[in-house]
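The next block holds one structure in the form of structure tokens; read it before the comments.
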Amino acid sequence: MSDGDEEPAETEADSIVVAFEERLESASTAVEEADTEADLDEVEATLEEIEADLEETEIPVPEPEDEDEEPDDPADDLEDELSDLQDAVDEKRGPYGEDVVDAIDDVRSTLTGTRWAEEGERELVPGVQDFLDEVESILDAEFGEAVPDPEELSVTLETVTESVEEAALDADEGAESIADLLEAAGTLADSVDTSTAWTDLKVRERLHREGFYEPLEGAKHKDFPPEWSALKAWEKQGNVEMVVLLLDLMGDTDFIARHCIEALEYMGDEQGLEPLTNLAKRRDLNAIDAIGKIGAEAGVAAVESHAESGSSLELQARSLTALGAIGDESATETVANQLVADSDRVTNAATRALGMIGDTRAIDPLADLLADTSADASVRASAAWALGEIGTESALEAAADFETANSYLIEQEAEKATNTLGSDGESTESEAEDEDSETEESAAEGNEETAEESADEE
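Mind the numbering: the sequence shown is residues 1074 to 1531 in the numbering used here, read in order.
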């Protein structure tokens, strides 16, 4: 037998649900029959009332027959049906004059945001002119003649959008005009899309129009492809712009990309950092090396994250080397953190990078690594070398303490540090002796002058 309390709850829920379903069905019919914005406004108001009532009404949730099943809330289905009707109202509205303005603005964005080939600028004119003529007949306005200049065409189309806004076309009374304007705007967009953009040209045609091959005109070249010959000419002239152009257009070819990177590295101009940075983000090792060779502080951000990443030991090590070559002390902490890396390759790169940076904050961690007898001898030797490169007295003393380290590499670096300390000491003593000598000479000269003055008085 069933529990007597369940039967009324289910009956109550069913009656509430049926009442809401009837209201929603009536609203659905109203949506289908709505012909004007006013009709849709009425339906929208009805749906808002139903939504408010549904939120305030507590519909009992019947217990499922199977205890393992989740109970089905009747309100969920009602809310879904209500949401579908609200979407149907929105879809049935319009179109509006604002839609025409948006369509024209999209075309304007294409005109000004696209680099057009010379012939493409000419190809834009007929489509825009046809659009202007069509809109003139619809709005009874004048917009002038289209010209082969994308910026000017955009300005002209802006005056069209202003005219559409001023017309304040009603969605019901002006429905035909709005539809005609939207159709004309669609035709305009299609016409613009078929015009020749710069990217529609073949790569070598673009290079030719930019003057990339000018160094080859009237000269013989043996290299293949010819872009390599032109690249070497631009490299000699220090023309970063032309190298970047080739990298941008043909950088998907490994051969060209490698030689472009080498050219940018050779020229060492910070203008080449941006394309190298983009390549470095894609883990291009040659680009990372080049950023280090250029040595600009702006390159730190491009490689610093790779120096911390353990995904590739080669990537990490070469990024650390690049940071060392740049020599910016802001990277000291990032590099020093890799002194405890699991890989000797990475640790070795980090120690040498700290030496190249020369930040005195690295002295203590480098000294600790040098003193760690469990570390690889080559890594410890690199730590000694780095301390010598930092070159302060405390750094040199830390390295000099290991002249008997049972490792030739370490002892060599320790001996260098000792010699540097000794030469610095000799220089100091020599300077002190020079000062004493100068003092004695001054005193002697003073005594001679005093004696001469006494003789004169006598």
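Note that the Cβ used here is the ideal one computed from N, Cα and C, for glycine as well.
At least 3 beta-carbon pairs within less than 8 angstroms: the segment 1305-1324 vs the segment 1264-1282
yes
Between the beta-carbon of A1478 and the beta-carbon of E1484, is there less than 7 angstroms?
In the sequence shown, residue 1478 corresponds to position 405, counting from 1. In the sequence shown, residue 1484 corresponds to position 411, counting from 1. Contact flag set, yes.
Assign R1188 to buried or exposed, taking buried as 16 or more other Cβ atoms, counted over all protein chains shown, within 10 Å of its Cβ.
The residue you call residue 1188 lines up with position 115 of the sequence shown. It is exposed - the Cβ of R1188 has fewer than 16 other Cβ atoms within 10 Å.
With 16 other CB atoms within 10 Å as the buried threshold, where does R1434 fall?
Indexing the sequence shown from 1 puts residue 1434 at position 361. Under this definition R1434 is an exposed residue.
Rounded to whole angstroms, what's the CA-CA distance from L1289 to E1300? Just pull it up for me.
Residue numbering aside, residue 1289 sits at position 216 when the sequence shown is read from its first letter. Residue numbering aside, residue 1300 sits at position 227 when the sequence shown is read from its first letter. If you take the alpha carbons of L1289 and E1300, they lie about 9 angstroms apart.
According to DSSP, is A1422 helix, strand or coil?
Position 349 of the sequence shown, counted from the first residue, corresponds to residue 1422. DSSP places A1422 in helix when its eight states are reduced to three.
I need the straight-line Cα distance from T1540 to P1223, nearest angstrom please.
Absent from the structure is residue 1540, since the part of the chain shown begins at 1074 and ends at 1531.
Report the three-state DSSP secondary structure of A1270 (helix, strand or coil).
Here residue 1270 refers to the residue found at position 197 when the sequence shown is read from its first residue. It is a strand residue.
Assuming A1380 and T1350 make a contact with CB atoms under 8 angstroms, what is their CB distance in whole Å?
Your numbering for residue 1380 matches position 307 in the sequence shown. Your numbering for residue 1350 matches position 277 in the sequence shown. Actually they are not in contact, since the Cβ atoms of A1380 and T1350 sit about 15 angstroms apart, beyond 8 angstroms.
Quick one: residues in its chain with C-beta nearer than 8 angstroms to the C-beta of I1436, no 5 flanking neighbours on either side, listed in chain order?
Along the sequence shown, read from residue 1 onward, the residue named residue 1436 stands at position 363. If we look at I1436 and ignore the five residues flanking it on each side, its Cβ neighbours are L1460, I1463, T1465, S1467, A1468, A1471.
Can you tell me the Cα-Cα spacing of N1421 and A1404, whole angstroms?
Counting from one through the sequence shown, the residue named residue 1421 turns up at place 348. Counting from one through the sequence shown, the residue named residue 1404 turns up at place 331. Computed Cα separation, rounded: 16 angstroms.
If you follow the alpha helix (DSSP H) that K1309 is part of, which residue opens it and which one closes it?
For the purposes of this step, residue 1309 is identified with residue 236 of the sequence shown, where counting begins at 1. 1299-1310 is the span of the alpha helix (DSSP H), which, as asked, contains K1309.
Proximity test, Cβ basis, 7 angstroms: A1369 and chain C:
The question asks about chain C, but that chain is absent: this structure has only one protein chain.
For V1180 and A1257, which I take to be in contact (beta-carbon distance under 8 angstroms), what is that distance rounded to the nearest angstrom?
Position 107 of the sequence shown, counting from 1, holds the residue named residue 1180. Position 184 of the sequence shown, counting from 1, holds the residue named residue 1257. Contact doesn't hold; Cβ gap of about 11 angstroms is too wide.
I need the straight-line Cα distance from S1210 to E1171, nearest angstrom please.
Position 137 of the sequence shown holds residue 1210. Position 98 of the sequence shown holds residue 1171. Looking at the two C-alpha atoms, the distance is approximately 19 angstroms.
Nearest-angstrom Cα separation, counted from A1363 out to Q1202
As a first step, residue 1202 must be located in the sequence shown, where it is residue number 129. As a first step, residue 1363 must be located in the sequence shown, where it is residue number 290. Computed Cα separation, rounded: 51 angstroms.
Expressed to the nearest angstrom, what Euclidean distance is found between the alpha-carbon atoms of D1160 and T1183?
Numbered from its first residue, the sequence shown carries residue 1160 at position 87. Numbered from its first residue, the sequence shown carries residue 1183 at position 110. Answer to the nearest angstrom: the Cα atoms are 31 angstroms apart.
Apply the 10 Å Cβ neighbour rule to P1348 and answer buried if 16 or more other Cβ atoms are within range, or exposed otherwise.
The residue you call residue 1348 lines up with position 275 of the sequence shown. With 16 or more Cβ atoms within 10 Å of its Cβ, P1348 is classed as buried.
If I follow the unbroken alpha helix (DSSP H) through N1351, where does it start and stop?
Reading the sequence shown from its first residue, position 278 is the one you call residue 1351. Looking at the DSSP string, the run of the alpha helix (DSSP H) that includes N1351 is 1346-1354.
Check for me: the alpha helix (DSSP H) holding V1180 runs from which residue to which?
The sequence position of residue 1180 within the sequence shown is 107, counting from 1. Looking at the DSSP string, the run of the alpha helix (DSSP H) that includes V1180 is 1170-1186.
State the CB to CB distance for the pair G1311 and D1357, rounded to an integer number of angstroms; the pair is presumed to be in contact (CB under 8 angstroms).
For this step, residue 1311 is matched to residue 238 along the sequence shown. For this step, residue 1357 is matched to residue 284 along the sequence shown. No, G1311 and D1357 are not in contact; Cβ-Cβ is about 23 angstroms, not under 8 angstroms.
Once you ignore the five residues that flank A1086 on each side, which residues in its own chain have a CB closer than 8 angstroms to its CB?
As a position in the sequence shown, residue 1086 is number 13, starting the count at 1. Correct list, in chain order: I1132, P1133, V1134, P1135, P1147.
Have a look at M1340, V1265, A1414 and flag the residue whose alpha-carbon is nearest the alpha-carbon of S1385.
If you number the sequence shown from 1, residue 1385 lands on position 312. Nearest of M1340, V1265, A1414 to S1385, Cα basis: A1414.
Short Cβ contact (7 angstroms threshold) for L1443 with A1457
The residue you call residue 1443 lines up with position 370 of the sequence shown. The residue you call residue 1457 lines up with position 384 of the sequence shown. Against a cut-off of 7 angstroms, the Cβ pair of A1457 and L1443 comes out as a contact.
Report buried or exposed for G1284, applying the criterion of at least 16 other Cβ atoms within 10 angstroms of its Cβ.
Indexing the sequence shown from 1 puts residue 1284 at position 211. Exposed, since its Cβ has fewer than 16 Cβ neighbours within 10 Å.
Between A1111 and S1268, what straight-line distance do the alpha-carbon atoms span, to the nearest angstrom?
Along the sequence shown, one-based indexing puts residue 1111 at 38. Along the sequence shown, one-based indexing puts residue 1268 at 195. Each residue's Cα considered, the two are about 42 angstroms apart.
Give me whichever residues DSSP pairs with W1189 in a beta bridge.
Translated into positions along the sequence shown, residue 1189 becomes position 116. A1270.
Please report how far the alpha carbon of S1455 lies from the alpha carbon of Y1339, in whole angstroms.
For the purposes of this step, residue 1455 is identified with residue 382 of the sequence shown, where counting begins at 1. For the purposes of this step, residue 1339 is identified with residue 266 of the sequence shown, where counting begins at 1. Cα to Cα, the separation comes out at about 28 angstroms.
At the level of alpha carbons, what is the spacing between V1091 and L1097?
Residue 1091 sits at position 18 when you count from the first residue of the sequence shown. Residue 1097 sits at position 24 when you count from the first residue of the sequence shown. Spanning the two alpha carbons is a distance of roughly 10 angstroms.
Helix, strand or coil: which one does DSSP assign to E1287?
Counting from one through the sequence shown, the residue named residue 1287 turns up at place 214. Of the three classes helix, strand and coil, the one that applies to E1287 here is helix, per DSSP.
Going by DSSP, what residue range makes up the alpha helix (DSSP H) through F1475?
Start at 1 with the first residue of the sequence shown, and residue 1475 comes out as number 402. That residue, F1475, is in no alpha helix (DSSP H); it is neither H nor E in DSSP.
Considering only their Cβ atoms, is the gap separating L1127 from V1162 smaller than 7 angstroms?
For the purposes of this step, residue 1162 is taken as residue 89 along the sequence shown, with counting starting at 1. For the purposes of this step, residue 1127 is taken as residue 54 along the sequence shown, with counting starting at 1. Against a cut-off of 7 angstroms, the Cβ pair of L1127 and V1162 comes out as no contact.
When the Cα atoms are used, what is the spatial distance from E1218 to A1244?
Here residue 1218 refers to the residue found at position 145 of the sequence shown. Here residue 1244 refers to the residue found at position 171 of the sequence shown. Distance between the alpha carbons of E1218 and A1244 is about 30 angstroms.
Reduced DSSP category for R1166 - H, G, I as helix; E, B as strand; rest coil
Counting from one through the sequence shown, the residue named residue 1166 turns up at place 93. R1166: coil per DSSP, three-state reduction.
Taking DSSP as the reference, what is the three-state secondary structure of P1137?
Here residue 1137 is taken as the residue at index 64 of the sequence shown, counted from 1. Note: P1137 maps to coil in three-state DSSP.
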